[in-house]
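*Asks:* As given, the protein sequences belong to chains A and B, one line each in that order.
Counted from 1, the first sequence has number 690 at position 690 by this note's numbering; the numbering is strictly sequential.
Counted from 1, the second sequence has number 29 at position 29 by this note's numbering; the numbering is strictly sequential.
Got a structure here, written out as structure tokens. Questions coming.
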Amino acid sequence: MSRLSPIFPRRELERNIEDELSFHIEARIRDNIESGMSPGAAREEALLRFGDVAPVRDACRRIGMERLRAERRAEMLDQLRQDASFAVRTLLRRPGFAAVATLILALGIGGSAAMFSIVDAVLLRPLPFAQPGQLVLVWGVEGGLRSGTSWTSYPDYVDFEESTTVFAELAAWSQARWAVTGPGITPTRVPLARVSHDFFGALGVLPEFGRGIRAEDDRVGADPVVVVSHGFWKRRFGSDRGVVGRSLQVGGVDRTIVGVMPRGFDFPGVDLWIPLTPEHADDSRGQHRLRVLARLGGEVTLEQGEAEIQTVARRLEEAYPETNTGRGARLEPLHEAIVGDARPGLLMLLGAVGLVLLIVCANVANLLLARAAGRDKEVAVRRALGAGHGRLLRQFLTESVMLSVFGGLLGVGLAYGAVELVGSLSAADIPRLDEVAVNSRVLGLIALLSVLTGVLFGLAPGLQAFGADLQDGLKEGGRTSASASRRPRLRQVLVVTEMALALILLAGAGLLINSLLRLRNVDPGFSARRVLVVPVSLPGVRYPFEDWRETVAFFDRLIERIRTYPGVESVSAGYEHPLAGGWETSFNLPGVFERPVGKRPEARIRPVKAGYFETVGIPLRRGRMFTEQDDSDGPGRVVINESLARAFFVDRDPVGGRLEKDHWWGFLSGEWEIIGVVGDVKMDGLASSTPWAMYFLHDQWPFNDMHLFVRTANDPLAIADAVREQIGSLDPLLPVENLRSLDEIRSDSLAEQRFQSWLLGGFAALALVLASVGIYGVLSYMVAQRVPEIGLRISLGARPGDVLRVVLRQGLGLATLGLALGLAGTIALTRLIEGLLFEVRAGDPLTLAAVTVVLLLAALAACAVPALRASRVDPMVALRAE
Amino acid sequence: MVHTKTELLRGTLDMMILKSLSSGTHHGYGVARWIEERTDDVLQIEEGSLYPALHRMEQRGWIESEWGQSENNRRAKFYRLTELGRRQLRVETAAWIRFAGAVSVVMGTANLAEA
């Protein structure tokens with residue numbers, strides 16, 4: 001079979017075609033002449049018989065090119081196979097090296113993939129609803145401000161729905177944890193949402209079977225229904241399809257199950273959905289208890305939607321000045337509302353893992369270079385056999401890509417494991433964490449990273465081999481002239497880079513840890529030691545607000561019973577645990593800060609029992625706290641917190657002053673006497689400032705949902721069973737769950753910061769180890785190279801101590817260079833994470849100094865061994881080896 | 001005499017080229033002459049179309065080629081049949097016979113009908 005010459009195949013192809021075609025025509029001409037035609041006629045006839053030459057030439061050329069391409073492809077594949085099998089053999093010859101490199105790569109690639117899959121699931125992927133880009137949340141904004149996340153009242157929501165045209169759907173919901181029980185089911189508290197009938201429609205989700213909430217269900221007097229989540233259905237009903245029509249008691253009301261939602265849907269983080277039948281409290285336009293979700297219609301933009309809802313809000317302001325003065329509205333895309341808070345932290349971690357990957361590449365490149373030094377002979381032989389630069393480079397790259405592909409495969413396993421771990425930790429309230437999985441995008445990223453990292457660090461030995469050529473070409477032989485592959489310059493550069501990157505990671509981790517420590521030291525305003533916290537919620541159905549005295553009595557009885565237990569120092573009850581925000585409501589201070597309705601300031605409202613402040617450890621500042629003498633029938637009394645006192649009373653004594661606050665249930669007057677001032681509590685979280693707060697006496701402001709606080713002499717959890725027993729004896733249908741100590745609650749509130757610190761700290765530690773090993777490797781190498789020189793020096797009188805010092809100086813010189821670069825990088829980059837820090841500036845000198853010292857110590861440790869080895873060189877052995 | 005060119009289906013041309021090579025090795029012009037002689041010049045094909053056909057068949061492995069010297073020492077590309085080509089020839093011949101037979105039956109009875 002004719003093959004084309006390898007040098008200029010295309011030209012050869014053209015020549016052949018020309019030759020073949022012209023041969024044919026010439027032959028015909030000759031035959032024509034032989035049969036008697038004139039040369040002119042012969043030519044003409046030949047061309048006529050042949051037909052159009054150009055298309056024939058084109059067709060032949062096309063076919064020829066196709067063959068060429070196919071041949072070239074086959075040849076390339078062949079070469080690739082050769083390279084691959086050679087690479088495998090080479091790697092297997094040094095299994096230790098291959099194993100280490102693969103492991104390091106697996107860590108880098110797998111870690112990056114795991115982090116990416118988290119970022120992908122949480123930030124990048126659209127929400128699992130129909131056309132999620134159209135979904136927005138409607139927030140109220142107070143005081144004419146542009147930002148805020150105030151909730152909406154039921155009457156306002158109804159007005160929004162009736163007066164707006166830009167929304168395809170407008171739905172509202174509120175969340176709660178209510179007791180759920182049923183035949184054969186122990187009562188537990190289940191998160192649920194009260195939703196308007198267009199809720200599921202707005203999200204565009206259909207139930208898996210049965211139906212959702214319909215308009216009829218919303219009306220007062222309708223048959224009570226409930227829709228359950230897939231998870232709830234699986235857990236409680238064992239995936240029994242006959243569940244529709246069964247009864248479930250929710251919050252003391254028997255409801256019929258009408259539908260089951262599909263797997264994976266649980267917005268807004270609940271197991272049950274019941275109709276948003278307006279309650280008594282929903283009559284008030286000033287009670288902002290609902291969150292509102294909307295779907296923008298068709299082509300409507302966010303700006304258009306916001307403009308219209310602001311117009312409606314303004315109209316409401318004018319129509320209802322007592323409740324709506326200063327109230328505006330704004331829209332926030334649902335995706336942003338859900339993931340916005342998590343974004344900075346996650347992006348920081350993604351960036352950090354990227355840096356780790358770079359360090360990994362530098363490290364493996366260093367390993368390869370270390371090996372390349374031992375392959376000079378092999379390279380020379382292959383050169384002699386005719387392998388060109390390109391071929392050699394390709395060979396090296398095949399090896400390195402193969403390494404990184406193995407690393408990547410191992411990394412897949414690592415990524416799976418990491419994702420499982422993260423899922424089980426439900427770390428730090430990161431939203432949508434249950435959607436994290438190693439999906440095709442993540443696998444694609446792993447594949448891409450494998451190839452890219454392989455090429456990146458594979459270039460190192462390849463480039464050095466080229467350098468070798470130039471060097472050898474210019475220098476004459478001689479043992480003292482090291483070939484370029486023996487010069488450590490490239491390796492030094494890599495190590496310096498590793499050190500710099502490691503410092504950046506260490507600095508980031510240091511800042512986060514510093515920030516976390518400060519947060520932990522924040523005085524929360526209460527004493528968290530040895531206090532058990534038990535949520536106790538009395539269902540409105542069995543404890544209606546008309547019988548509020550029963551509610552008051554229940555808690556009194558419960559407190560009385562627990563007080564008698566041995567080991568109990570004090571017991572009380574209060575609304576929500578101290579670090580949870582709570583309701584905000586307006587108040588008025590006649591004579592001090594009097595304002596008309598609608599322009600009044602707002603404060604947190606916390607009904608508490610007598611003894612609350614003592615039990616929880618909130619100090620008294622002025623006046624007195626609630627005692628047993630204060631009761632339901634006495635005059636209205638309130639305790640305010642320091643911030644409120646400072647803000648409004650400045651230098652005056654608030655004790656004895658009047659506070660006006662209309663009672664939500666209207667059966668008591670709105671006049672309250674300020675009897676005391678207590679210390680501030682970090683109600684919005686340890687990192688936030690303290691809001692204004694009013695503490696009412698539970699007997700005078702009887703909430704059904706309270707928390708029991710029990711201060712014990714020993715471990716608070718030891719008394720948990722006793723408490724459970726007492727609650728059960730008073731009301732066996734009450735679910736008693738989620739008993740925690742106040743300490744636990746406080747530390748849980750820092751879960752996100754802890755998660756970030758741990759993770760970044762882990763990355764930094766890995767980086768430090770890699771960088772240290774890197775510097776150890778390079779220094780060992782440099783020492784080994786100069787053994788003869790060292791031997792010579794020692795034999796000429798140099799002391800071991802001198803040698804030690806010289807080598808150490810070399811090593812620490814590299815480390816210091818890396819440090820300097822790292823500091824520059826740190827200053828540039830840490831600015832980006834300032835938002836994640838608490839009371840720590842990005843350029844905090846103490847932290848930077850600390851991590852610098854850590855890095856130097858690690859470098860010193862890494863340099864110590866080679867330096868010691870150098871100082872112990874036996875001059876006889878060294879010189880003999882010459 | 002004016003030669004009118006006959007339009008041939010590609011498959012038919014391929015088949016005839018294979019046939020021509022079954023008797024021996026030819027260059028492209030040789031194939032053209034062979035067809036000319038065999039059909040007494042009745043079948044006049046556009047000779048240029050031989051070459052794309054030859055190259056395609058070579059790509060398919062039905063024929064193989066070799067550069068050599070022609071009768072008058074000119075550089076020419078010679079083709080010969082491969083085993084695969086031989087098999088292909090048999091297949092195509094059988095198919096052609098079936099096809100031609102069917103057509104002639106149709107044409108034959110049509111004539112009778114008109115007669």
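All C-beta atoms in this analysis are idealised placements derived from N, C-alpha and C, irrespective of residue type, glycine included.
(1) Would you call the stretch 144-157 of chain A and the stretch 699-708 of chain A touching, i.e. three or more CB-CB distances under 8 Å?
(2) Helix, strand or coil for residue 116 of chain B, going by three-state DSSP, please let me know.
(3) Per DSSP, residue 640 of chain A is paired with what?
(4) Quick check: the stretch 255-265 of chain A against the stretch 225-234 of chain A, are at least 3 beta-carbon pairs closer than 8 Å?
(5) DSSP three-state label for residue 226 of chain A, please.
(6) Which value, in whole angstroms, describes the spacing of the CA atoms of residue 636 of chain A and residue 593 of chain A?
(7) What is the rounded straight-line gap between the Cα of residue 732 of chain A and the Cα of residue 352 of chain A?
(8) Going along the chain, which residues of the stretch 17-29 of chain A sit with their C-beta nearer than 9 Å to a C-beta in chain B?
(9) Please check if any C-beta of chain B sits within less than 9 Å of the C-beta of residue 49 of chain A.
(10) Give the list of continuous alpha helix (DSSP H) stretches no shorter than 4 residues that lie fully inside the stretch 544-592 of chain A.
(11) Say whether chain B places a C-beta atom closer than 9 Å to the C-beta of residue 33 of chain A.
(12) Would you kindly work out how many angstroms separate the C-alpha atoms of residue 59 of chain A and residue 52 of chain B, rounded to a whole number?
(13) Alpha carbons only, please: which of B:99, B:102, B:84 is nearest the one belonging to residue 57 of chain B?
(14) When you compare the CB of residue 56 of chain A with every CB in chain B, is at least one pair closer than 9 Å?
(15) For residue 203 of chain A, which residues of its own chain have a beta-carbon under 6 Å away from its beta-carbon, when the five flanking residues on both sides are left out?
(16) CB residue 791 of chain A to CB residue 875 of chain A, shorter than 9 Å?
(17) Using a Cβ cut-off of 8 Å, which residues of the stretch 57-70 of chain A contact any Cβ in chain B, in chain order?
(18) Can you have a look at residue 313 of chain A and say buried or exposed, based on whether 16 or more other CB atoms are within 10 angstroms of its CB?
(19) For the beta strand (DSSP E) holding residue 173 of chain A, just list the boundary residues, first then last.
(20) Could you tell me how far apart the beta carbons of residue 379 of chain A and residue 392 of chain A are, in whole angstroms, since I believe they sit closer than 8 Å?
(21) By the DSSP assignment, the alpha helix (DSSP H) with residue 782 of chain A in it spans what residues?
(22) How would you write the range of the alpha helix (DSSP H) that residue 64 of chain B sits in, first residue to last?
(23) What is the rounded straight-line gap between the Cα of residue 474 of chain A and the Cα of residue 464 of chain A?
(24) Could you spell out where the alpha helix (DSSP H) holding residue 879 of chain A opens and where it closes?
(25) Ordered along the chain, which non-local residues of its own chain (more than five positions away) have a Cβ less than 6 Å from that of residue 513 of chain A?
(26) In whole angstroms, give me the CA-to-CA distance for residue 247 of chain A and residue 241 of chain A.
(27) Quick check: is the beta carbon of residue 59 of chain B nearer than 9 Å to any beta carbon in chain A?
(28) Go to residue 256 of chain A, then tell me how far its beta strand (DSSP E) extends in each direction, as first and last residue.
(29) Quick check on residue 377 of chain A: buried or exposed, where buried means 16 or more other Cβ atoms within 10 Å of its Cβ?
(30) In three-state DSSP terms, what is residue 233 of chain A?
(31) Run through DSSP, which three-state label would residue 34 of chain B get?
(32) What are the boundary residues of the beta strand (DSSP E) that residue 732 of chain A is part of?
(33) May I ask you to report which of helix, strand or coil DSSP gives residue 12 of chain B?
(34) Are the stretch 799-811 of chain A and the stretch 132-140 of chain A touching by the rule of at least three beta carbon pairs closer than 8 Å?
(35) Going straight from the alpha carbon of residue 24 of chain A to that of residue 28 of chain B, what length do you get?
(36) Taking residue 68 of chain B as the reference, give the member of B:80, B:13, B:91 with the closest Cα.
*Replies:* Looking at the atomic coordinates:
(1) No, the stretch 144-157 of chain A does not touch the stretch 699-708 of chain A.
(2) A query on residue 116 of chain B cannot be resolved here, the shown segment of chain B reaching from 1 to 115 and no further.
(3) Beta-bridge partners assigned by DSSP to residue 640 of chain A: A:677, A:694.
(4) By the C-beta criterion, the stretch 225-234 of chain A is judged to be in contact with the stretch 255-265 of chain A, since at least 3 inter-stretch pairs fall below 8 Å.
(5) If DSSP states are grouped into helix, strand and coil, residue 226 of chain A belongs with the strands.
(6) A straight line joining the alpha-carbon of residue 636 of chain A with that of residue 593 of chain A spans about 19 Å.
(7) 52 Å
(8) Taking 9 Å as the Cβ-Cβ cut-off, the stretch 17-29 of chain A approaches chain B at 17, 19, 20, 21, 23, 24, 25, 26, 27, 28, given in chain order.
(9) yes
(10) The stretch 544-592 of chain A contains these whole alpha helix (DSSP H) runs: 548-563.
(11) No, residue 33 of chain A does not count as interfacial toward chain B.
(12) Distance between the alpha carbons of residue 59 of chain A and residue 52 of chain B is about 6 Å.
(13) B:84
(14) Yes, residue 56 of chain A lies at the interface with chain B (some Cβ there is under 9 Å from its Cβ).
(15) 129
(16) yes
(17) 59, 60, 63, 64, 66, 67
(18) buried
(19) 167-182
(20) 7 Å
(21) 751-785
(22) That residue, residue 64 of chain B, is in no alpha helix (DSSP H); its beta strand (DSSP E) goes 63-69.
(23) At residue 474 of chain A, the pLDDT of 43 sits below 50, so the modelled position is not reliable; the number obtained from the coordinates is stated separately. Annotation: residue 474 of chain A to residue 464 of chain A spans about 16 Å, alpha carbon to alpha carbon.
(24) 875-880
(25) 757
(26) 14 Å
(27) yes
(28) 253-260
(29) When all chains shown are included, residue 377 of chain A counts as exposed.
(30) helix
(31) helix
(32) Segment: none, residue 732 of chain A is in no beta strand (DSSP E) and carries neither H nor E.
(33) helix
(34) The stretch 799-811 of chain A vs the stretch 132-140 of chain A: no contact.
(35) 7 Å
(36) B:80
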